[in-house]
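Residues -4 to 555 (our numbering) make up the sequence shown, in order. Let me begin by presenting the structure, written as structure tokens, before commenting on it.
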Amino acid sequence: MKVRTLRQRLAVHIAVRLVVATVLLGLALVVELRAPGAWAINPFFFLIGLTYAVSLGFIASLPLVDRSPWLTDVHFAIDAVIISVAIMLSGGVESLFTILYMLPIVSAASVQFRRGGMQLATLSTVLFIGVVLLQYLYAADQLAMPFSLPPAALPTVSVAEYTVALNTFGFFAVALLSGSLAERARTGEAQLVQATEEIADLQAFNQYVLDNLLSGLATADAGNRLVTFNRSAMIITGRAGALPIGEAAGDVLQLPSAFAATISQDLARVRSRRTDYQFRRPDGQLIDLGVSVAALPLPDGTRGHLYTFQDVTDVKRFEQSARLQQHLAAVGEMAAGIAHEIRNPLASMSGSMQMLKEELPLSTDQAQLMDIVLRESERLNQTIKSFLAYARPQRFQVQQIDLRTTIQEIAMLLRNSPEVEERHTIDVRLPGHEVMVDADEGQIRQIAWNLATNGLRAMPESGTLTLSALEQLSGEQRSSVLLIEDEGVGIAAEDVDAIFQPFRGSFGKGTGLGLAIVHRIVTDYGGHIDVRSRPGRGTAFRVTFPAARPAAAARQGRAS
């Protein structure tokens, strides 16, 4: 809402004048029809036509008014002159049209406020006094006129003076009153405009805050139909296009049926309810969604619902990693004791059995039993070595490594290893530029080898194992990615979170520590592993490392 300009206020007055002129024209026509020939030339028709012409002229000059405010004074002065001529032609001091002076005075007060009203009241008084003087001088034959005034029986001078004084008082009273009301209206209009702007600014600010909340925010009516849905809610739910206003909140947010069925009853007892569940976006991506709902009193007295929700996928992953790290810390404390308490006696037992086997005469069955003991001792020793590598991995020689070279060498070893059979295919996809990481080469090989051999074991029938390396840019942060994909049996959704825990191997071979060791090494380098698996269709391990620092910075870091 804006305060009206001088041009706009004057345009309103011109419109009112045209309406009044049209009404007067109609009255003049009625008089002419009832008493035709009252005047040779009806002066009212002339004055009304003049009023129309003046109005059209001022309409044309409206664009100049804001730059030349004096045109407004001329505008109202012409009105007063036209009314004075009409009064002179209709009886002067006894004219019934004297009241017409009030119209431009009120208009001047509304357009120019108190100053304009008082100014036009003064001009109207001067013109009215002039009309009365002309009338009396003309009647006394003391003044010659270029035209004849209608004959009239004039009142006494005292009555004329009283009439002039009374009209003068009326002019100024109307000017003062209209000016005061116009000033108050202007002040009220300005305050209303200011309040409207403040409300609009507050609404815009509130909308800005809502749109920039990191959390999704949605409100629903008593029927749990969505009323509002902010921008973050659209981003989190992966929606594009129109807002889901009017749709059922439970369907849009995919609320668990048990949770949605008891919301209203639960909110009658508690302030809010919260639940975490998996949400499927329109593109098929699964995320962990944390939703809180609270009662929302509505203006009509009913109670709606206020939903706030966040994508807690990263939080869940962090919690899982924290739990795993705590588990690793406990395992690390036991590792040294296990090494001393088991590995040393085991080596003594193995060595003693080997000597007995060589020195004692053994039967075939006894020799076979001795071989089993030695073989199982070696297997137990390998298990302990893997366990120690998992519990206490150490970085050996950190240097800049090109993942492409490592992947090519691992692929060559795999093609010539007993793990790969004719039904398997090893596919390597590498970019044309370097993919560098700061790490120990042996540990990177261990990561790639463990993940690749797991992929081969997951394809007992046949399939393609794909090894890739790439760089990715997220914002200003660059990272290097090792990607290993298979077409094997896949991993059930409920088992994905547990595959990096120790002794959770699902294949007949191995110690069940391969993926746990991989996870430990990757997290030590500040990276992370993402697992995407579809049962029956394969699994993809995406290992992300911080990109290598520039060579000079890397040398400085190693030197320090």
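From the three backbone atoms N, C-alpha and C, an ideal C-beta is built for every residue, glycine too. Only a predicted model underlies this, so the values are computations on that prediction, with no experimental measurement involved.
Where does residue i land, buried or exposed, given buried means 16+ other C-beta within 10 angstroms?
i, result
"Leu364", "exposed"
"Ile367", "exposed"
"Gln394", "exposed"
"Thr182", "exposed"
"Gln438", "buried"
"Ala488", "exposed"
"Thr448", "buried"
"Ala10", "exposed"
"Val7", "exposed"
"Tyr96", "buried"
"Trp444", "buried"
"Gln151", "Here residue 151 is Thr; the residue named in the question, Gln, does not match the sequence. So Thr151 counts as exposed."
"Ala190", "exposed"
"Gln281", "According to the sequence provided, residue 281 is Leu. The question's Gln does not apply to it. Per the 10 Å Cβ criterion, exposed."
"Gln130", "buried"
"Asn201", "exposed"
"Gly450", "buried"
"Phe495", "buried"
"Pro356", "exposed"
"Ile258", "buried"
"Thr359", "exposed"
"Ile194", "exposed"
Do residue i and residue j have their C-beta atoms within less than 8 Å of each other?
i, j, result
"Asp278", "Val307", "no"
"Val484", "Arg537", "no"
"Leu465", "Pro426", "yes"
"Met344", "Ser372", "yes"
"Ile379", "Leu462", "no"
"Val288", "His300", "yes"
"Asn225", "Asp206", "yes"
"Ala217", "Thr297", "yes"
"Thr401", "Arg440", "yes"
"Leu398", "Val432", "yes"
"Gln249", "Arg275", "yes"
"Ile442", "Ile516", "yes"
"Val101", "Phe123", "no"
Report the option in the options whose CA atom is closest to the CA atom of residue i.
i, options, result
"Ala213", "Thr303, Ala535, Ile405 and Arg515", "Thr303"
"Pro294", "Ala362, Met350, Met348 and Ala215", "Ala215"
"Gln305", "Tyr272, Val222 and Gln198", "Tyr272"
"Ala617", "Glu354, Val188, Pro99 and Thr232", "With the chain running from -4 to 555 in the structure shown, residue 617 is simply not present."
"Ser457", "Asp481, Gln467, Ala255 and Ser475", "Asp481"
"Asp74", "Gly87, Leu91, Ala48 and Gln472", "Ala48"
"Thr420", "Ala243, Gln438, Arg452 and Arg399", "Arg452"
"Arg532", "Pro455, Gly509, Gly437 and Pro58", "Pro455"
"Ser210", "Thr232, Ala190, Glu193 and Arg220", "Thr232"
"Glu429", "Ala263, Ser259, Ala543 and Phe166", "Ala543"
"Leu51", "Asp246, Gly86 and Leu13", "Leu13"
"Met407", "Asp397, Leu351, Val423 and Arg110", "Val423"
"Ile82", "Leu115, Gly125 and Gln361", "Gly125"
"Leu375", "Pro340, Ala362, Gln392 and Lys352", "Pro340"
"Arg312", "Val154, Thr518, Leu84 and Thr93", "Thr518"
"Val88", "Ser102, Ala134 and Asn411", "Ala134"
"Ile78", "Ile94, Ser63, Trp65 and Pro64", "Ile94"
Would you list the residues sitting across from residue i in a DSSP beta bridge?
i, result
"Thr539", "Val476 and His523"
"Ile54", "Answer by DSSP bridge pairing: none, since Ile54 is not bridged."
"Gly211", "Phe304"
"Arg220", "Ala243"
"Met113", "Answer is none; Met113 lacks a bridge partner."
"Ala81", "Partner(s): none; Ala81 has no beta bridge."
"Pro292", "Arg298"
"Ser463", "Arg424 and Leu478"
"Gly458", "His419"
"Arg275", "Leu281"
"Glu468", "Before going on, a small fix: residue 468 reads as Leu here, not Glu. DSSP output for Leu468 lists Arg473 as bridge partner(s)."
"Val286", "Thr270 and Phe304"
"Ile396", "Val432"
"Gly533", "Arg529"
Might you give, ordered along the chain, the residues of its own chain that have their beta carbon closer than 8 Å to the beta carbon of residue i, omitting 5 neighbours on each side?
i, result
"Gly521", "Phe540 and Pro541"
"Asp492", "Gln315"
"Gln260", "none"
Excluding the five sequence neighbours on either side, which residues of its own chain have a C-beta within less than 6 Å of the C-beta of residue i, listed in chain order?
i, result
"Ala535", "Glu480 and Arg527"
"His70", "Phe53"
"Phe254", "Thr270"
"Ile486", "Ser528 and Thr534"
"Thr120", "Thr163 and Phe166"
Leaving out five residues before and five after residue i in sequence, what residues of the same chain have Cβ atoms less than 7 Å from its Cβ?
i, result
"Gln562", "In the structure as shown, the chain starts at -4 and stops at 555, and residue 562 therefore has no counterpart that could be examined."
"Leu118", "Ala72 and Ala75"
"Gln403", "Val423"
"Trp34", "The predicted position of Trp34 is uncertain, since its pLDDT is 46 and thus under 50; a value taken from the coordinates is nonetheless stated next. None."
"Ser173", "Ile100, Val101, Ala104, Ser105 and Gly112"
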